[in-house]
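**Student:** Just dropping this structure here.
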Amino acid sequence: RMAAAPPSYCFVAFPPCSKDGLVVFGKNSARPRDEVQEVVYFAAAEHNPGSKVECTYIEIEQVPKTHAVVLSRPSWLWGAEMGANEHGVCVANEAVVTREPASESEALLGMDLVRLGLERGATAKEALDVIVALLEEHGQGGNYYEDGSSCHTFQSAFLIVDRNEAWILETSGKYWAAEKITEGVKCICNQLSLTTKIDAEHPELRNYVKSQGWWNGDSDFNFSEVFSPADGHLACCSGRESLEKQGGDVSAQAMIDVLRDKDSGVCVDSESFLTTASIVSVLPQDPSFPCIHYFTGTPDPSRSIFKPFIFVDDVKLVPKVQSPSFGNDDPAKKIPRFQEKPDRRHELYKAHEWARSLLENDQDKGQKLMRIMLDLEKQGLEAMEDILSRTEILDPAEVVDLFYDCVDTELKFFK
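First residue of the sequence shown? That's 361 in the numbering used here, and the numbers climb one at a time after it.
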């Protein structure tokens, strides 16, 4: 029996299901319980011809120019679970199990492809093209977890979103299929979801599955049916109904509420897995308004607060949500890998651990703290709504410290 993929959930809602001409994107990242996620920003950059980029396990050719990105990532790896770039593209991945075992040989991780798509794609479709070209060239494989005792490998699915459209991309090895979405609400989770509506695919996909004897070429080609493991295909998304119930009112707050929902299973807190970080992004279809990306930077969104980030030049870096760097001494970079686990907790993560123990041990104080935190979050959401309802163009100076200040305020309350 193949190991279960971590049960992350990704969502997108388009008008008219969402409010005010906004595209709303969200993800809960389910990972091993003790893994730390950091929130990191990389400015746009130009690179010399012939330069290389060192991904989690392999080195690949760099491109002449990379876009500015903000990422939420397990702090031991190069890529990301989810993030956004300066052009309003958001990407999130899912680990999935297909009937083909994922490769243990070190190649690109699904998380590396998230970051590469964001750094190299100025639209959702460009990011998709980047990801599938890199899959073709380098393949996917290698350990998904920081675990020296066992190799956990998965195939990848992606939700790729911009202000106009979204693509669901599902892969098995280098083969892939994708569906384009421009309306309604979509959820992807840790199993395949594409069926017969396929808007782009690997040129050899159908020949390959015929040669494997998985499809006879006569019946409708159904990607999930062909590629899902034999032990069945369950209906996935419990969170989608909650979003659809909102009618035409899916907002940042509505998406946050869905990500916080433990009863639906969207907010994962199980023996093996925890939602270690979350993101919600609001992408106005009108390009004169800025995209707003909310990150927790801490585990369990029901006990975390979502803090806004807006791309502007010279945005202030936030070391308090960045894990310590171990450079070349990092056990993730030495072969054999993961022989020890360094302490990767950042300042906000440590403060959050303290707050969590307060919530567990002193209910009154804990509840009071949580109310203050949620009030802080609400102020942030309201300030962002104000930015999106203005007629004048946003002054970058107003938001250059935005994420920094929100993290700082959160830490002050914890202290």
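All residues carry an ideal CB built from backbone N, CA and C; glycine is no exception. Predicted, not measured: the structure shown is a model, and the values here were computed from it.
Which residue's Cα is closest to the Cα of N388: C627, F518, P376?
**Tutor:** C627
**Student:** Got a sec, what are the start and stop residues for the alpha helix (DSSP H) A487 sits in?
**Tutor:** 484-498
**Student:** Give me the Cβ distance between T432 and V383, rounded to the nearest whole Å; I'm assuming they're in contact under 8 Å.
**Tutor:** Per the sequence shown, the amino acid found at residue 432 is Ser instead of Thr. The pair is not a contact, with the Cβ atoms about 19 Å apart (cut-off 8 Å).
**Student:** Any idea what DSSP makes of G477, helix, strand or coil?
**Tutor:** helix
**Student:** What does the Cβ neighbour count give for Q739, buried or exposed, with the cut at 16 atoms within 10 Å?
**Tutor:** exposed
**Student:** Beta carbon of I491, beta carbon of L478: below 7 Å?
**Tutor:** no
**Student:** To which residues of the same chain is D646 closer than 7 Å at the C-beta, ignoring the five residues directly before and after it?
**Tutor:** G381
**Student:** Please classify T751: is it buried, with 16 or more other beta-carbons within 10 angstroms of its beta-carbon, or exposed?
**Tutor:** With fewer than 16 Cβ atoms within 10 Å of its Cβ, T751 is classed as exposed.
**Student:** In or out: R361 buried (at least 16 other Cβ within 10 Å) or exposed?
**Tutor:** Residue placement at R361 is flagged as unreliable, the pLDDT there being 40, under the threshold of 50; the coordinate-derived value follows with that caveat. The residue is exposed, with fewer than 16 neighbouring Cβ atoms inside 10 Å.
**Student:** DSSP state of K725, grouped into three classes?
**Tutor:** helix
**Student:** What is the rounded straight-line gap between the Cα of T656 and the Cα of E720?
**Tutor:** 20 Å
**Student:** Give the secondary structure of K622 by DSSP, where H, G and I count as helix, E and B as strand, and everything else as coil.
**Tutor:** coil
**Student:** If you reduce the DSSP assignment to three classes, tell me which class H653 lands in.
**Tutor:** For H653, the secondary structure class from DSSP, reduced to helix, strand or coil, is strand.
**Student:** Is L708 buried or exposed, if buried means 16 or more other CB atoms sit within 10 Å of its CB?
**Tutor:** buried
**Student:** Threshold first: 3 residues or longer. Then list the beta strand (DSSP E) segments lying entirely within the stretch 529-582, N to C.
**Tutor:** 535-541, 545-548
**Student:** E601: buried (16+ other C-beta within 10 angstroms of its C-beta) or exposed?
**Tutor:** exposed
**Student:** Compute the distance between the beta-carbons of N503 and A365, then report whether it is under 7 Å.
**Tutor:** no
**Student:** Could you pull out every residue in the same chain whose Cβ sits closer than 6 Å to the Cβ of M733, ignoring the five residues on either side in sequence?
**Tutor:** The beta carbon of M733 is closer than 6 Å to those of I665 in its chain, skipping five residues each way along the sequence.
**Student:** Given this structure, state the Cα-to-Cα distance separating Y535 from L565, to the nearest angstrom.
**Tutor:** 6 Å
**Student:** Assuming G386 and I670 make a contact with CB atoms under 8 Å, what is their CB distance in whole Å?
**Tutor:** In fact, because the Cβ distance is near 17 Å, the residues do not count as touching under 8 Å.
**Student:** Excluding sequence positions up to five away, which residues of its chain have a Cβ less than 6 Å from the Cβ of A404?
**Tutor:** H427, A428
**Student:** Looking at the secondary structure, which residues open and close the alpha helix (DSSP H) in which F773 lies?
**Tutor:** 762-774
**Student:** Starting from A757, trace the alpha helix (DSSP H) in both directions and tell me its first and last residue.
**Tutor:** 756-759
**Student:** For N445, I'd like the list of residues in its chain whose CB is within less than 6 Å of its CB, leaving aside the five on either flank, ordered along the chain.
**Tutor:** The residues H427, V429, L478, in chain order, have a CB closer than 6 Å to that of N445 in the same chain once the five nearest residues on each side in sequence are set aside.
**Student:** Less than 8 Å between C-beta atoms, sequence neighbours within five positions excluded: which residues of the same chain meet that for V610?
**Tutor:** A373, C377, S378, K379, V384, V545, L603
**Student:** Taking the alpha carbon of D735 as the reference point, which residue from P409, H706, C766 has its own alpha carbon closest?
**Tutor:** C766
**Student:** What residues in its chain sit with their C-beta under 8 Å from that of E770, if we drop five residues either side in the sequence?
**Tutor:** Within its own chain, the residues whose Cβ lies closer than 8 Å to the Cβ of E770, once the five positions on either side in sequence are excluded, are I665, K667, L708, A711, M733, L736, listed in chain order.
**Student:** Measuring only the C-alpha atoms, how far is G573 from V675?
**Tutor:** 53 Å
**Student:** Comparing alpha-carbon positions, which option in F774, L488, K540 lies nearest L718?
**Tutor:** F774
**Student:** Report yes or no: do three or more beta-carbon pairs, one from the stretch 723-731 and one from the stretch 689-709, lie closer than 8 Å?
**Tutor:** With the cut-off at 8 Å, the stretch 723-731 and the stretch 689-709 do not touch.
**Student:** Might you give, ordered along the chain, the residues of its own chain that have their beta carbon closer than 7 Å to the beta carbon of Q606, omitting 5 neighbours on each side?
**Tutor:** A614
**Student:** Quick check: what's the CA-CA separation for W436 versus D580?
**Tutor:** 42 Å
**Student:** Using only the alpha-carbon positions, how far apart do L619 and E454 sit?
**Tutor:** 15 Å
**Student:** Comparing alpha-carbon positions, which option in F698, D394, C370, A363 lies nearest K658?
**Tutor:** The sequence shown places Thr at residue 658, rather than the Lys named in the question. Of the candidates F698, D394, C370, A363, the one whose C-alpha sits nearest the C-alpha of T658 is D394.
**Student:** Considering just the uninterrupted stretch of the beta strand (DSSP E) at P392, what are its terminal residues?
**Tutor:** 382-392
**Student:** Given K557, which residues of its chain have a CB within under 7 Å of its CB, disregarding the five upstream and five downstream residues?
**Tutor:** E539
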